[in-house]
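Residue numbering for the sequence shown follows this note's numbering, beginning at -17 and increasing consecutively. Ideal Cβ positions, reconstructed from N, Cα and C, are used throughout, including at glycine. Structure record follows, encoded as structure tokens.
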Amino acid sequence: MLNAKLPKYLAIAEWLKENIHNQQFKSEEKLISENQLCQKFAVSRQTARQAIATLEKEGLVTRKRGSGTYVNQVTIPGKMSTHNIGVITTYLDDHVFPHIISGAEKILSKANYNMTLRLTRNKVHNERTQLLSLLTTGIDGLIVEGTKTALPNPNLDVYQKFYEQNIPVIFINAYYQNMPCNYIVNDDVLGARLATRYLINHGHTKIFGIFKHDDQQGNNRYKGFIDEMYAQDFKVDDYGILWYSTESKAEIFAPQQLEVLAEKFRRCSAVICYNDQVAMRLIQLFNGSDIKIPTDLSIVSFDNTSAALISTVPLTSITHPSVEIGKLAASSILKMLENPYHTVKHVFTPELIVRDSVN
-17 MLNAKLPKYL
-7 AIAEWLKENI
3 HNQQFKSEEK
13 LISENQLCQK
23 FAVSRQTARQ
33 AIATLEKEGL
43 VTRKRGSGTY
53 VNQVTIPGKM
63 STHNIGVITT
73 YLDDHVFPHI
83 ISGAEKILSK
93 ANYNMTLRLT
103 RNKVHNERTQ
113 LLSLLTTGID
123 GLIVEGTKTA
133 LPNPNLDVYQ
143 KFYEQNIPVI
153 FINAYYQNMP
163 CNYIVNDDVL
173 GARLATRYLI
183 NHGHTKIFGI
193 FKHDDQQGNN
203 RYKGFIDEMY
213 AQDFKVDDYG
223 ILWYSTESKA
233 EIFAPQQLEV
243 LAEKFRRCSA
253 VICYNDQVAM
263 RLIQLFNGSD
273 IKIPTDLSIV
283 SFDNTSAALI
293 STVPLTSITH
303 PSVEIGKLAA
313 SSILKMLENP
323 YHTVKHVFTP
333 ELIVRDSVN
């Protein structure tokens, strides 16, 4: 079956990759022809040609004039140790991820393992492409931050292939709720409760929140905020919850949105931001306006990155154990290679680091 959410040529390309991985199309043998693809999937010759060209660009097949297209020699995962661990993260230019990568690399290099790093930019199709690529090139284990973990994921079938090939997988930061898996996460619900409690203890009763709705972390941070507000008998104004997604972030916090956001946040005295980057955007946006931080608006954010320190107003922030997550993920994947029954379901306990953004 083709993935209906993709353009037809990409869906056919993925079908071809999966069948190369499954050895339906074996190395050095002829690939299914363009005409056969046209008949099988009821597509045009041009669509079939694009699909094969996609594989050719990735080095999976070679066209031979007058003869056809042949599958290149590939590493078949699970046959022998590659001493290579795949690491998939959503971003690398985020302040959290370099520390996760650094922590994992230290552990893996000591054990004589290499790291193959891939990025998804939190795009579902990118995740699928990177997963299939790692299956084809061959890795011993996979450390992965899932993509849009709060939403139904169409790539669970590809993750299943890792389990079928006895390639251990461990999720970091978040994981898919409807998929049994090993994971290492931060307790985002508790973190949000700590942030909310701190603001309440400083006399704030009208507290708004900015949360990311397509990632599990955003949903958990929202839950912690709501739980603590209700536990202390405060109302939660739905107007005061600003949701954004991977795709809408730039638009929502664009300079032209200043008046809209200013009108919203004039109705509260404090706001909990999804992470330090969002908090910094808010501070930069209000710079020069009549809303002063923290005099008019107190802010607590998440992740305690270097951005929290260099912000115009140093941020009070919930910790994220990025280095420790990387180290534990790497050591755990090595243990899972030694013992396939080794399970990891670790939740770090966050702390609140107090700085100058709360009045």
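Check	Outcome
Nearest CA to the CA of residue 302: which residue from 210, 334, 140 and 248?	334
For residue 44, collect the residues of the same chain with a Cβ closer than 8 Å to its Cβ; drop the 5 residues on either side in sequence, then sort them by chain order.	38, 51, 52 and 54
Closest to residue 330 by CA distance: which of 289, 308 and 339 is it?	308
Contact check, residue 292 vs residue 253 under 8 Å by CB: the rounded distance?	The pair is not a contact, with the Cβ atoms about 20 Å apart (cut-off 8 Å).
Report the partner residues of residue 144 according to the DSSP bridge assignment.	According to DSSP, which records beta bridges pairwise, residue 144 is partnered with nothing at all.
Is the segment 94 to 112 touching the segment 69 to 79 in the sense that three or more CB pairs, one from each, lie closer than 8 Å?	yes
Examine the Cβ distances between the segment 142 to 156 and the segment 164 to 184 and report whether three or more of them are shorter than 8 Å.	yes
Quick check on the burial criterion: 16 or more other C-beta atoms within 10 angstroms. Buried or exposed for residue 200?	buried
Taking the beta strand (DSSP E) that residue 255 belongs to, which residues open and close that run?	252 to 255
Could you please give me the residues that DSSP links to residue 317 through a beta bridge?	DSSP lists no partner for residue 317.
Can you list, in chain order, the residues of its chain with a C-beta nearer than 7 Å to that of residue 33? Leave out the 5 residues immediately preceding and following it.	-9, -6, -5, -2 and 19
Please tell me whether residue 275 and residue 268 are closer than 8 Å, where the distance is taken between their beta carbons.	yes
Beta-carbon within less than 6 Å of residue 313's beta-carbon, same chain only, minus the 5 sequence neighbours each way: which residues are those?	89
Report the CB separation of residue 194 from residue 256 in whole angstroms; it is logged as a contact under 8 Å.	5 Å
Helix, strand or coil for residue 185? Go by DSSP, reduced to three states.	coil
Shortest alpha-carbon distance to residue 41 belongs to which of 14, 63 and 9?	9
Return the chain-ordered ranges of every alpha helix (DSSP H) run that is complete within the segment 103 to 130 and spans a minimum of 4 residues.	106 to 119
When we look at the beta-carbon of residue 177 and count the other beta-carbons within 10 Å, is it buried (16 or more) or exposed?	buried
Determine the direct distance from the alpha carbon of residue 95 to that of residue 60, and round the result to whole angstroms.	In this predicted model, residue 60 has a pLDDT of only 44, less than 50, meaning its place in the structure is not dependable enough to derive any value.
Can you tell me the Cα-Cα spacing of residue 298 and residue 118, whole angstroms?	44 Å
Exposed or buried, what is residue 62 when buried is set at 16 or more other beta-carbons lying within 10 Å of its beta-carbon?	exposed
Compute the beta-carbon to beta-carbon distance between residue 310 and residue 328, rounded to the nearest angstrom, for a pair I have assumed lies under 8 Å.	6 Å
Going by beta carbon distance, what residues of the same chain come within less than 8 Å of residue 180, once the five residues before and after it are set aside?	282, 298, 334, 336 and 340
Where residue 30 and residue 23 are concerned, what is the direct C-alpha to C-alpha distance, given to the nearest angstrom?	9 Å
Please name the residue or residues paired with residue 83 in a DSSP beta bridge.	Bridge partners of residue 83: none, in fact.
Please list the terminal residues of the continuous beta strand (DSSP E) segment that includes residue 97.	96 to 101
Tell me whether the beta-carbon of residue 273 lies closer than 8 Å to the beta-carbon of residue 244.	yes
Going straight from the alpha carbon of residue 203 to that of residue 212, what length do you get?	14 Å
Just the C-alpha distance for residue 234 and residue 246, rounded to the nearest angstrom, thanks.	13 Å
Could you give the residue range of the alpha helix (DSSP H) that holds residue 331?	No alpha helix (DSSP H) holds residue 331; DSSP gives it neither H nor E.
Can you tell me whether residue 47 is helix, strand or coil according to DSSP?	coil
Is the CB-CB distance between residue 232 and residue 258 below 8 Å?	no
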